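Undergrad: Shown below is the structure under consideration.
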Amino acid sequence: MRLLNARSFKIEEFHGDAVPDYAILSHTWGREEISFADYHNPRYTSLSWNTRLKAGWRKIKHACEEASRRKFDYVWIDTCCIDKTSSAELSEAINSMAGWYRRAGVCIVYLVDYAQDEESGVVFDRFKRCRWFTRGWALQELIFPKFVEFYDSEWQHIGNKLDLMSQIREITKIDQRVLVDAAVLPSICVARKMSWAANRQTTRTEDTAYCLMGIFDVNMPLLYGEGRKAFQRLQEEILKKSNDFSILLWHPSLSSNDREEIITEYDHNRYTSILADSPACFSAGSSLEYALVDYYHAICGDPCP
Numbered sequence: 001m002r003l004l005n006a007r008s009f010k011i012e013e014f015h016g017d018a019v020p021d022y023a024i025l026s027h028t029w030g031r032e033e034i035s036f037a038d039y040h041n042p043r044y045t046s047l048s049w050n051t052r053l054k055a056g057w058r059k060i061k062h063a064c065e066e067a068s069r070r071k072f073d074y075v076w077i078d079t080c081c082i083d084k085t086s087s088a089e090l091s092e093a094i095n096s097m098a099g100w101y102r103r104a105g106v107c108i109v110y111l112v113d114y115a116q117d118e119e120s121g122v123v124f125d126r127f128k129r130c131r132w133f134t135r136g137w138a139l140q141e142l143i144f145p146k147f148v149e150f151y152d153s154e155w156q157h158i159g160n161k162l163d164l165m166s167q168i169r170e171i172t173k174i175d176q177r178v179l180v181d182a183a184v185l186p187s188i189c190v191a192r193k194m195s196w197a198a199n200r201q202t203t204r205t206e207d208t209a210y211c212l213m214g215i216f217d218v219n220m221p222l223l224y225g226e227g228r229k230a231f232q233r234l235q236e237e238i239l240k241k242s243n244d245f246s247i248l249l250w251h252p253s254l255s256s257n258d259r260e261e262i263i264t265e266y267d268h269n270r271y272t273s274i275l276a277d278s279p280a281c282f283s284a285g286s287s288l289e290y291a292l293v294d295y296y297h298a299i300c301g302d303p304c305p
């Protein structure tokens, strides 16, 4: 695991138990991000002046300052701590990412499109429109770290995950018990967890699936170019380790009153797979419980008599 030294701004590599305590950054990508290549361009013995002029450098600098202020000597930032030119390294990193966020001492969330109002505090109408809440990768970055601190576009502290619990809960529809302790994730049914990602986007189609591997505690190889098949593979991996049939409770136009119709009046001409095409198919699943597995059995019978 590579970490950025919060004081020297140098990247250092650690393995196994030698990994020190670290802070971790959660953000949305913008223009002129600082890449791993910027740190390892053979023309430079250190970060070049041109690199320091990039818009992404300010983000790194402030993230390191906040990490240091919170007594962390290291910080992990995805833009510069992963060599994305190596498909093997990228695959390993994405499969490890949930664990990295879980083990972080604090997660620093930078909301580039939010300005804090010092007089009126958090302005919910602006807060809920932050791009960060629409990104697929940000889901696990919110759930897994125990301590999450939010900062606005000028790096003014907004509050932490507990301070903002009611606002975050309303925006994301994630159960409060999950936001408090990610260890309860296994007790949440598949469809409900899928619903949290229903309205989130990723730049690449495949990342719609890859960003959820940690949420469902599965691992699989990355195959960029496979498109929507990635989400099919994700569901197959989930089914291998779970008997939760709520994964079958999906529909492109699912509403809270439609669930029995989905099971009893399935349109065989319209669908060619029992698996969903994307998390959007679970958009109305936020209230589903494991009890629906018994409901499925009552209607369809035991699939394994």
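The sequence shown: position 79 = 79 (full-length UniProt numbering), numbered continuously. By construction, the Cβ of each residue, glycine as well, lies at the ideal position given by its N, Cα and C atoms. On a predicted model such as this, the values are computed, not experimentally measured, just so you know.
So what does E154 bridge to, in DSSP terms?
TA: Beta-bridge pairing links E154 to no other residue.
Undergrad: Apart from the five residues just before and just after D152, which ones in its own chain have a Cβ nearer than 7 Å to its Cβ?
TA: Hits under 7 Å: L111, Y114, A115, Q116, I158.
Undergrad: Would the beta-carbon of S246 fall within 8 Å of that of V178?
TA: No.
Undergrad: Excluding the 5 residues preceding and the 5 following V19 in the sequence, name in chain order all residues of the same chain whose CB lies nearer than 6 Å to its CB.
TA: Answer for V19: M1, listed in chain order.
Undergrad: Considering only their Cβ atoms, is the gap separating M220 from D237 smaller than 8 Å?
TA: Position check: residue 237 holds Glu in this sequence, whereas Asp was assumed. In contact: E237 and M220 (Cβ atoms closer than 8 Å).
Undergrad: Does DSSP put Q116 in a helix, a strand or coil?
TA: Here Q116 sits in coil by DSSP.
Undergrad: Let me know if P186 comes out buried or exposed under the rule of 16 or more other beta-carbons within 10 Å of its beta-carbon.
TA: Exposed, by the Cβ-count rule.
Undergrad: Is the distance from the Cβ of L3 to the Cβ of E12 below 8 Å?
TA: Yes, these two residues count as a Cβ contact at 8 Å.
Undergrad: In whole angstroms, what separates the C-alpha of A280 from that of K128?
TA: For A280 and K128, the distance between alpha carbons rounds to 19 Å.
Undergrad: Return yes when the Cβ of F150 is within less than 8 Å of the Cβ of L164, no when it is not.
TA: Cβ atoms of L164 and F150: closer than 8 Å.
Undergrad: Report all residues from its chain with a CB closer than 6 Å to the CB of P145; omit the five preceding and five following residues, and keep chain order.
TA: So the list reads Y101, A104, C107, once near-sequence residues are dropped.
Undergrad: Give the DSSP-derived three-state secondary structure of W76 in the structure shown.
TA: In the structure shown, W76 sits in a strand (DSSP, three-state: E or B).
Undergrad: Given a cut-off of 8 Å on the beta-carbon distance, is the pair R70 and A138 in contact?
TA: No. Outside cutoff.
Undergrad: Would C81 and D38 qualify as a contact pair, given that the criterion is a beta-carbon distance under 8 Å?
TA: Their beta carbons are not under 8 Å apart, which means C81 does not touch D38 by this criterion.
Undergrad: Using the DSSP secondary-structure output, state which residues sit across from A23 in a beta bridge.
TA: Partner(s): V75, V106.
Undergrad: Which of the three DSSP states, helix, strand or coil, is assigned to I274?
TA: In the structure shown, I274 sits in coil (DSSP, three-state: anything other than H, G, I, E or B).
Undergrad: Taking the alpha carbon of F124 as the reference point, which residue from F231, G99, E141, I168 has its own alpha carbon closest?
TA: That would be I168, whose Cα lies nearest to the Cα of F124.
Undergrad: With a 10 Å radius around its C-beta and 16 neighbouring C-beta atoms as the bar for buried, classify E260 as buried or exposed.
TA: Low per-residue confidence applies at E260: pLDDT is 45, beneath 50, and the placement is therefore not dependable, though the value from the model is reported in the following sentence. Answer is exposed; the Cβ neighbour count stays below 16.
Undergrad: Report back the beta-carbon spacing between S68 and R7 to the nearest angstrom; my notes put them in contact at under 8 Å.
TA: That belief holds up - the Cβ atoms of S68 and R7 are roughly 6 Å apart, short of 8 Å.
Undergrad: Taking the continuous alpha helix (DSSP H) assigned at I60, which residues delimit it?
TA: Residues 55 to 69.
Undergrad: Would you list the residues sitting across from N5 in a DSSP beta bridge?
TA: Its beta-bridge partners are Y74.
Undergrad: Only counting the same chain, and skipping five residues up and downstream in sequence, which positions put a Cβ closer than 6 Å to that of A230?
TA: So the list reads E206, A209, once near-sequence residues are dropped.
Undergrad: When DSSP builds the beta bridges, which residues end up paired with N243?
TA: In DSSP, N243 forms no bridge with anything.
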